[in-house]
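Just so you know, the sequences run in chain order A and B. The first sequence begins at 1 in our numbering and counts up by one. The second sequence begins at 1 in our numbering and counts up by one. For glycine and all other residues, C-beta sits at the position ideal for the given N, C-alpha and C.
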Amino acid sequence: MTKMLHGFVAIAFVVGLGAFFPSASGAAPKPSGTLTVSAAASLTDVFPVIADAFEKRYPDTEIKLNFAGSSTLMNQVIAGAPVDVIATASKSTIQIGIDSELVARPLRFTKNFLTIAVPLGNPANISKISDLQRDGLLLGVCDTAVPCGSAAVELFTKNTLDVTAVTRELDVRSVLAKVISGDLDAGIVYVTDVKSAENRVEFVQIPFRDNVVATYHISVVADTREQQLAQRFVNFVRFSTTSQGIMRAFGFAKPW
Amino acid sequence: MPGLVALLFLVIPLIALIVQTPWEAFPKIISSPEALEALRLSLVTSLVATAFAALFGIPMAWLLAREILPFTGLLRALVIVPLLLPPVVSGVALLEALGRRGLVGAFLYDTLGITFPFTTVGVVIATTFVAMPFLVITMEGGFRSLHQRYEDAAATLGAGSRRVFLRITMPMVAPAAIAGLVLCWARALGEFGATITFAGNFPGVTQTMPLAVYTALESDRSVAIALSMVLLVVSVGVLVALRGKYLQTRAS
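Spelled out as structure tokens, the structure:
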């Protein structure tokens, strides 16, 4: 039911764009302005493409992107950084912002799954998730303060694994970088991260039933000066076939 | 007037840190196992790094000051590079050199099975790399301001070169040595970028105080501020230790 409803909203929105701004009248102001969008590290590759598509559709707009671990982004907003939209890799990271009314209600816009990244050639011969329990294995995860870290803990708990990581990086791309360099034997990252590093890293798939899902949320920052444009960007990311198509291409899953 | 702006600019953040410190929770925060572990690790690694810097850096400074090696100017420039380099770049460079697939690291791993990233030794390597130039530069200045005739006199009286260095040269450059060691140690204690890049971030193994501050910032700001306060106190302590150098209003 909800699925259908959301689908309907998406269609209504796309159709609505044409209806709200009929080119014939020309009276409606064209969207213009600059938005600063803070996005989770795992969105590093996909968001520039989405931002380009948005700027192409609304030529008088400019999107500035700021990437970091989700908690860092939330901290920046708490500290008063001039951000208009925040997109994080989990709802819990944004929760503190909701509680203190710094951001509007966060809405889910995509999903991602975890995978085991290994250096080219898979030198430690990882073939399944339980191999991560091996003694002396150099395993990297994110710190539990960031979504990829809490997701990793959830993954280990769900599969009743007793694993010890050698490092708890503060964003997922740092884990990936150390796998690519061959300094880690394995790292828990998102499916989309290994896709972005194709040819530089291999991965060991985690079966769907054992896996953990990360739901990405996007929210307008409360004291934005570009309320309308920010809302438009959020809608674009969530509902436009362009944006959702780009996200599929980068390996992100449908949000619903 | 611009001078006062500069003063405010430098002082206000420190005041803010003091004001924002959760004083009631402070003792509990800094006596938590995680904080103590980070503090212990920081003290151990920074002191060991300083010891290594002294052991190898002071002789290096002497070589530079006496211009014993050819191309002293170029060598000095090379030694100063890590001092000017952004620490995270130092971390990347160290990974490329001593990482498991690094220039030297691959050889060490293949023949001896040794790896440095994600170990406490890795932290010492990163901090030594970043902090040693401070000692070398300070000491070189000390050696240069020293008249060589004292060393010559001792040598003509029959002292060997090692004896001259330890009995004549070093005591005379003691003030520069102390200043250099303290600067080097303070830099080692504050090291962040090279450490997290090269050695990673794991409590009790590679998570030093600055890394603990940054990690805490992701989850609990008050913990981060309390830990920062500890480092601020240490920095002020260093300043007091060096008061002869910076607090005098007029050189005597």
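Any C-beta of chain B under 7 Å from that of residue i
i        : result
A:Pro92  : Correcting the residue identity first, residue 92 of chain A is Ser in this sequence and not Pro. Closer than 7 Å: no.
A:Val166 : yes
A:Asp183 : yes
A:Trp256 : no
Below-7 Å beta-carbon distance, residue i vs any chain A residue
i        : result
B:Pro117 : yes
B:Thr215 : yes
Under 7 Å by beta carbon: chain B residues contacting residue i
i       : result
A:Thr72 : Glu218
Beta-carbon proximity list for residue i, same chain, < 7 Å, skipping 5 on both sides
i        : result
B:Gly99  : Gly105, Pro117
A:Phe156 : Val163
A:Val172 : Ala41, Ser42, Cys142, Cys148, Val189, Tyr190, Asp193
B:Pro133 : Val79, Ile80, Pro82, Leu83
A:Ala68  : Ala41, Asp171
B:Pro13  : none
A:Ala165 : Leu139, Gly140, Val141
Residue environment, residue i, which counts as buried when at least 16 other CB atoms sit within 10 Å
i        : result
A:His217 : buried
B:Val254 : The displayed coordinates of chain B run from 1 to 252. Any statement about residue 254 of chain B would go beyond what the structure contains.
B:Ile196 : buried
A:Gly187 : buried
A:Asp99  : exposed
B:Val213 : buried
A:Arg238 : buried
B:Met1   : exposed
A:Asn75  : buried
A:Gly182 : buried
B:Thr156 : exposed
B:Glu340 : Any answer about residue 340 of chain B is impossible in this case: the structure gives chain B only from 1 up to 252.
B:Phe107 : exposed
B:Leu112 : exposed
A:Thr241 : exposed
B:Asn201 : buried
A:Asn235 : buried
B:Gly180 : buried
A:Arg248 : exposed
A:Pro29  : exposed
Residues near residue i by beta carbon distance below 6 Å, same chain, minus five either side
i        : result
B:Gly168 : A small correction: the amino acid at residue 168 of chain B is Ile; Gly does not occupy that position in the sequence shown. Same-chain partners within the cutoff: Tyr150, Glu151, Ala154.
B:Met60  : Val136
A:Ser38  : Asn66, Leu73, Val83, Ile86
B:Thr115 : Arg100, Tyr109
B:Trp185 : Ser46, Thr50
B:Ala241 : Val182
A:Lys178 : Gly140, Leu184
A:Ala145 : Ser71
B:Arg187 : Ala131, Phe134
Any non-hydrogen atom of the ligand NAP closer than 6 Å to residue i Cβ
i        : result
A:Asp162 : No copy of the ligand NAP occurs in the structure displayed, which carries no ligand at all.
Close beta carbons around residue i, own chain, < 8 Å, minus the five adjacent residues each side
i        : result
B:Met172 : Leu146, Tyr150
B:Pro22  : Ile29, Ser222, Ile225, Ala226
A:Ile94  : Ser70, Met74, Ile86, Thr88, Val103, Pro106, His217, Ser219
A:Lys111 : Val213, Ala214, Thr215, Tyr216, Phe252, Ala253, Lys254, Pro255
A:Glu154 : Val212
Partner residues on chain B for residue i, Cβ-Cβ distance less than 8 Å
i        : result
A:Leu170 : Ile196, Asn201, Tyr214, Thr215, Glu218
A:Gly69  : Glu218
A:Asn75  : Leu217, Glu218, Arg221
Interface residues of chain A facing residue i [CB-CB closer than 8 Å]
i        : result
B:Thr206 : Thr167
9 Å Cβ cut-off: residues of chain B touching residue i
i       : result
A:Gly80 : The premise fails here: A:Gly80 is roughly 13 Å from chain B at the closest Cβ pair, so nothing lies under 9 Å.
Test: residue i CB closer than 7 Å to a CB of chain C
i       : result
A:Pro48 : Of the protein chains in the structure, A and B, none is chain C.
The segment 85-111 of chain B: positions lying closer than 7 Å to chain A by Cβ: Leu95, Gly99, Arg100, Arg101
Short-range partners of chain B found in the segment 27-53 of chain A, where Cβ spacing is below 7 Å: none
Could you name the residues of the segment 190-204 of chain B whose beta carbon sits closer than 7 Å to any beta carbon of chain A, in the order they occur along the chain? So the close ones are Gly200, Asn201, Phe202.
Name the residues in the segment 132-147 of chain A whose C-beta lies less than 9 Å from a C-beta of chain B; which are they? Leu138, Gly140, Asp143, Thr144, Ala145, Val146
Mind checking the segment 105-121 of chain A against chain B and listing, in chain order, the residues whose C-beta falls within less than 9 Å of any C-beta there? Residues Pro119.
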